[in-house]
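S.K.: One structure, as structure tokens, below. Some questions next.
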Amino acid sequence: MRLQLSPELEAFREEMRTFFTTQVPQEIRDTVAAHRHVTKEQYVESQRVLNAAGLAVPHWPVEWGGKDWSPLQRHIWREEMQLACVPEPLAFNTSMIGPVIAAFGNQEQKERFLPATANLDIWWCQGFSEPDAGSDLASLRTTAVRDGDDWVVNGQKTWTTLGQHADWIFCLVRTDPTAEKKQRGISLLVFPMDTPGVTLRPIELLDGGFEVNEVFFEDVRVPAENLIGEENRGWDYAKFLLGNERVGIARIGSTKRMLVQAKAHAREVTVGGRPLLEDPRTAARIAELENELLALELTALRVVATSADGKPHPASSVLKLRGSELQQAATELVVDIAGPLSLSSFADEGSEVPDWARVATPHYLNYRKVSIYGGSNEVQRTIIAGTILGL
Amino acid sequence: MDFTFDSEQNDLRGAVRGLLERAYGDGEQRRRVTASDPGFDEKTWSRLAEMGLLGLPFAEEHGGMGAGPIEVAVVAEEIGRVLAPEPFVEAVVLAGGLVAAVGTDAQKAEVLAGIAEGTTLAAVAHAEPGTRWSPSAAAVTATQDGGSWTLTGVKEPVLNGARADVLVVSAVVEGGTALFLVRGDAAGLTRTGYRTHDGGRAANVRFEGTPAELLGEGTADRTAQIERVLAEARIAYAHEAIGSMDTALRTTAEYLKTRKQFGVTLNRFQALTFRAADMYVSLELARSTALWASMVVDAGGDVIAAADRARLQTSRAGRHIGKEAIQLHGGIGVTAEYTVGHHTSRLTAIDHVLGDGDWALSRLAEDVDAHETVDPLGAPYTG
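Taken in sequence, the protein lines are chains A and B. Counting along the first sequence from 1, when you hit position 66 you're at 66 in full-length UniProt numbering, and nothing is skipped either side. Counting along the second sequence from 1, when you hit position 254 you're at 254 in full-length UniProt numbering, and nothing is skipped either side.
Below, the structure is given as structure tokens:
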């Protein structure tokens, strides 16, 4: 038991902090800090800055640009990145399809895709969920039928995040409808979004933004060489990928940053001539959130400091569940600090409402998603009850 | 940064668990022991002394083991796991802690050695009716006449106050709060003991010109030292609470797997298993915070703030887990014949000895504007 970071890790933390706060363009970090829309160009620029310094894909195999860091180093990397308001490397590339290709792809696929994926030369999107296959993903119905040297894909995906920017999609498709278990007949295909027969329809969200899409496939011809791994083993790759999706999903650094902002806003807003932050109830609400976030951060540290043997620490399931709740609590806090100003959500020039108060409610509404994606919190409770408590 | 126990700490845990499992492995033994005074088992107390546990944090020159806060945490958690009624935190961490912090060499040599050997049961007489978790004395006063001191006033509740061989008493002197030692057989000392809801013992302790020995030298205000020892005890209690919550959750999960209603075991009902999952979340978050607080003590960081943080987290978790453990059991959880409700009772007691969650939150809220973020691996926690 020892609290302090080793001198090496302390230096590592400082190195990360310095890099993120000096090398990533300030304008991009300001956009993230203000919870404004990050453009495709900003994502790409930021990831290329990281990739040039070897900091975009540290968790990949070393031969493909990885760093062979300890789990604790990766944790520090991610937390410092969030604290500095750096857009994280695109998850679909770096946490999802990249590691899957590195682990299960053939040599040709690795060479073709991995460097471009790390550098965001290819923007990937995720074709997993379908209208009737959400938490119950294995019920997916999009089919791929072999026809000569091609697969012919028909069906529909949904909740495809940032699909409007995507060059390629990785897609779970049913290749054996006769398989005894529905998990067994699924394969993983990748193909360009501009392949004939692919149509994308943006879905407007409650915050007025366009972040997710429906994607329709009508007789889309995909060359057989675009199958990743083995036919009908797609479910294994999906589980591998979703395991990665949960890494870092607690987003502690990001919530910490939100609480810093909440305190700043609560100093600006006055009630009866005094800063709202001096109101005991407001101060207590912030203090309690800070303490809950501390407990979560310590749990994350416990998990990364003791999961070196490759097996996930039992407490890791707590991270997604609690992490999402605290992200949501922080956005809710900011709406409440804004009070009536929060109504001016779509105000434009001519409004005197500060920016942070305009985006507060859209951000809060948008963040209802975080307890739903990456395995909903009900799925997390099922995992805890089943695999940890044996219920 | 390292969250793992070393092999000696694991051995210590194994030894303590072995001893306490033999003593309190089934709830009936505990019920029997707590039914009569002094509310704990003197033989078990002696065995804890023989293992060196009652002198665990004291310096070796005073008869102790010279161990650190992590070892104290390990023992406290094992105490909580079986709800051992022996007053480890109260006598060793609190009473012994005050003597170690303030006493003269001679006082430490005598009192700490007595505590460590199990021959002196020390109790802290600090709380007063009409006060609420203050580090200072309020209405009990000390008067000096020549070289000797006498105390006047009432302390209550004094945990283990009736059985104690020596009381460590806080009292108002000119310029602040001083600490005194009062022997159990002192003149003008009236102790009225009673049972507490968690199976423990407390007392009304009345001083009427009672002779007392000044603890330490001089009458400088001891509030800061008292605050510090209270903080260390809050952290030790956090670990005792973690042990108890862990057992409450495991007992509940086991019950859900075996109890049948509507022809199936209760774990078939998602309404129940989800609530058990939430109990696990509360437990692990509190455990992380308690372990961290002990590491802050070890690192020489801000113990007061770390203790408040651990207090808040374990208070919330203790209430959540304690209440849900009973609810998920149903009626049997409210009975004294079954163990799980005793955990809820003990967790409720721990929550109110040295400050509850809202109390800790008020203190943290006053400070919320003084830092930008809470960095568990940085100032002021790493010393």
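Glycine is no exception: its CB is placed at the ideal position from the N, C-alpha and C atoms.
1. Contact criterion: CB-CB distance below 9 Å. Does A:L120 meet it with respect to chain B?
2. Among the candidates B:A202, B:A365, B:S244 and B:V16, whose CA atom is the shortest distance from the CA of B:H320?
3. Under 8 Å by Cβ, that's how I've got A:F216 and A:T199 pegged, so tell me the actual separation to the nearest angstrom.
4. Compare the beta carbon distance of B:T219 and B:A178 with 9 Å and say whether it is the shorter of the two.
5. Looking at the C-beta of B:L312, does it have a partner C-beta in chain A at a distance below 9 Å?
6. For the beta strand (DSSP E) that A:W157 lies in, which residues bound it at each end?
7. In chain order, which alpha helix (DSSP H) runs of at least 4 residues are fully inside the stretch 56–119 of chain A?
8. Which term fits B:T119, buried or exposed, when burial requires 16 or more other beta carbons within 10 angstroms of its beta carbon?
9. Under 8 Å Cβ-Cβ, which residues of chain B neighbour residue 423 of chain A?
10. Can you tell me which of A:G197, A:E231 and A:M193 puts its alpha carbon nearest to the alpha carbon of A:E218?
11. Compare the beta carbon distance of A:N226 and A:L276 with 9 Å and say whether it is the shorter of the two.
12. In the DSSP assignment, find the unbroken beta strand (DSSP E) run with B:L12 in it and report its ends.
13. Name the one or two DSSP bridge partners that B:T190 has.
14. With distances taken Cα to Cα, identify the nearest neighbour of A:T160 among A:T195, A:S129 and A:N154.
15. So that I know if they touch, is there some Cβ in chain B lying closer than 9 Å to that of A:V334?
16. In three-state DSSP terms, what is A:T178?
17. Roughly how many angstroms separate the alpha carbons of B:A138 and B:A236, rounded to a whole number?
18. With a CB to CB cut of under 6 Å and the five nearest residues on each side skipped, what residues in its chain are close to B:G154?
19. Does the distance from the C-beta atom of A:A166 to that of A:F92 stay below 9 Å?
20. What number of angstroms, rounded off, separates the C-alpha of A:A102 from the C-alpha of B:R250?
21. By the criterion of Cβ-Cβ separation under 9 Å, what are the contact partners of B:P376 in chain A?
22. What residues are listed by DSSP as bridge partners for B:G176?
23. Considering only residues of the stretch 196–280 of chain B, which uninterrupted beta strand (DSSP E) runs meet the minimum length of 3 residues and lie entirely inside it, listed in chain order?
24. What alpha helix (DSSP H) runs, 4 residues minimum, are completely inside the stretch 35–93 of chain B?
25. What did DSSP end up calling A:Q23 once you bin it into helix, strand or coil?
26. For the alpha helix (DSSP H) containing B:K155, list its first residue and its last residue.
27. For B:A49, which of B:E117, B:L83, B:I79 and B:E61 has the nearest alpha-carbon?
28. Is B:M65 close to chain A, meaning its C-beta is less than 9 Å from at least one C-beta of that chain?
29. Ignoring anything shorter than 4 residues, give me the alpha helix (DSSP H) runs that lie fully in the stretch 87–142 of chain B, in order along the chain.
30. Using 10 angstroms around the beta-carbon of A:S46, count the other beta-carbons present and answer buried if the total reaches 16, otherwise exposed.
31. Answer with buried or exposed for B:E372, where buried requires no fewer than 16 other C-beta atoms within 10 angstroms of its C-beta.
32. Could you pull the start and end residues of the beta strand (DSSP E) that A:L189 belongs to?
33. Could you check if A:F346 is buried or exposed, using at least 16 other CB atoms within 10 Å of its CB as the buried criterion?
M.R.: In brief:
1. To locate residue 120 of chain A, count along the first sequence from 1; it is residue 120. Not a single CB atom of chain B sits nearer than 9 Å to the CB of A:L120.
2. Your numbering for residue 320 of chain B matches position 320 in the second sequence. Measuring from the Cα of B:H320, the nearest candidate turns out to be B:S244.
3. Position 216 of the first sequence, counting from 1, holds the residue named residue 216 of chain A. Position 199 of the first sequence, counting from 1, holds the residue named residue 199 of chain A. That belief holds up - the Cβ atoms of A:F216 and A:T199 are roughly 4 Å apart, short of 8 Å.
4. Taking the first residue of the second sequence as position 1, residue 219 of chain B is located at position 219. Taking the first residue of the second sequence as position 1, residue 178 of chain B is located at position 178. The answer is yes: Cβ separation under 9 Å.
5. Within the second sequence, residue 312 of chain B is the residue found at index 312, counting from 1. Yes - at least one Cβ of chain A is within 9 Å of the one on B:L312.
6. The residue you call residue 157 of chain A lines up with position 157 of the first sequence. First, the residue type needs correcting, since residue 157 of chain A is Lys and not Trp in the sequence shown. Taken as a continuous stretch (DSSP letters only), the beta strand (DSSP E) holding A:K157 covers D150 to K157.
7. 71–83, 98–104 and 107–118
8. Here residue 119 of chain B refers to the residue found at position 119 of the second sequence. It counts as exposed.
9. Absent from the structure is residue 423 of chain A, since the part of chain A shown begins at 1 and ends at 391.
10. Within the first sequence, the letter at position 218 stands for residue 218 of chain A. Ranking A:G197, A:E231 and A:M193 by Cα distance to A:E218 puts A:G197 first.
11. On the first sequence, position 226 is the one that residue 226 of chain A refers to. On the first sequence, position 276 is the one that residue 276 of chain A refers to. Contact: no.
12. Taking the second sequence and counting its residues from 1, one reaches residue 12 of chain B at position 12. Run containing B:L12: none in the beta strand (DSSP E); it sits in the alpha helix (DSSP H), S7 to Y24.
13. Taking the second sequence and counting its residues from 1, one reaches residue 190 of chain B at position 190. B:T190 is bridged to B:R206.
14. Numbered from its first residue, the first sequence carries residue 160 of chain A at position 160. Comparing Cα positions, the closest option is A:S129.
15. On the first sequence, residue 334 of chain A is found 334 positions in, with the first residue counted as 1. A:V334 does not count as touching chain B.
16. As a first step, residue 178 of chain A must be located in the first sequence, where it is residue number 178. In this structure, A:T178 counts as coil in the three-state DSSP scheme.
17. Here residue 138 of chain B refers to the residue found at position 138 when the second sequence is read from its first residue. Here residue 236 of chain B refers to the residue found at position 236 when the second sequence is read from its first residue. Rounded to whole angstroms, B:A138 to B:A236 spans 26 Å at the Cα level.
18. Mapped onto the second sequence, residue 154 of chain B falls at position 154. It is Val, not Gly, that sits at residue 154 of chain B in the sequence shown. Once the five neighbours on either side are set aside, the close Cβ partners of B:V154 are R206.
19. Translated into positions along the first sequence, residue 166 of chain A becomes position 166. Translated into positions along the first sequence, residue 92 of chain A becomes position 92. In contact: A:A166 and A:F92 (Cβ atoms closer than 9 Å).
20. Residue 102 of chain A sits at position 102 when you count from the first residue of the first sequence. Residue 250 of chain B sits at position 250 when you count from the first residue of the second sequence. Looking at the two C-alpha atoms, the distance is approximately 41 Å.
21. By one-based count along the second sequence, residue 376 of chain B stands at place 376. By Cβ distance, chain A contributes L3, L294, E297, L298 and L301.
22. Your numbering for residue 176 of chain B matches position 176 in the second sequence. According to DSSP, B:G176 bridges with B:V173.
23. 201–214
24. 42–50 and 69–82
25. Against the first sequence, residue 23 of chain A aligns to sequence position 23. Three-state result, A:Q23: helix.
26. Your numbering for residue 155 of chain B matches position 155 in the second sequence. Careful: B:K155 lies outside any alpha helix (DSSP H), inside the beta strand (DSSP E) at S148 to L159.
27. As a first step, residue 49 of chain B is located in the second sequence; it is residue number 49 there, counting from the start. Out of B:E117, B:L83, B:I79 and B:E61, B:E117 has the C-alpha closest to the C-alpha of B:A49.
28. Numbered from 1 along the second sequence, position 65 holds the residue referred to as residue 65 of chain B. For B:M65, the answer is no, since every Cβ of chain A falls outside 9 Å of its Cβ.
29. 97–102 and 113–117
30. The sequence position of residue 46 of chain A within the first sequence is 46, counting from 1. Buried: at least 16 other Cβ atoms inside 10 Å.
31. On the second sequence, residue 372 of chain B is found 372 positions in, with the first residue counted as 1. That one is exposed.
32. Counting from 1 along the first sequence, the entry for residue 189 of chain A is found at position 189. Element bounds for A:L189: I186 to P192.
33. As a first step, residue 346 of chain A is located in the first sequence; it is residue number 346 there, counting from the start. Label assigned to A:F346: exposed.
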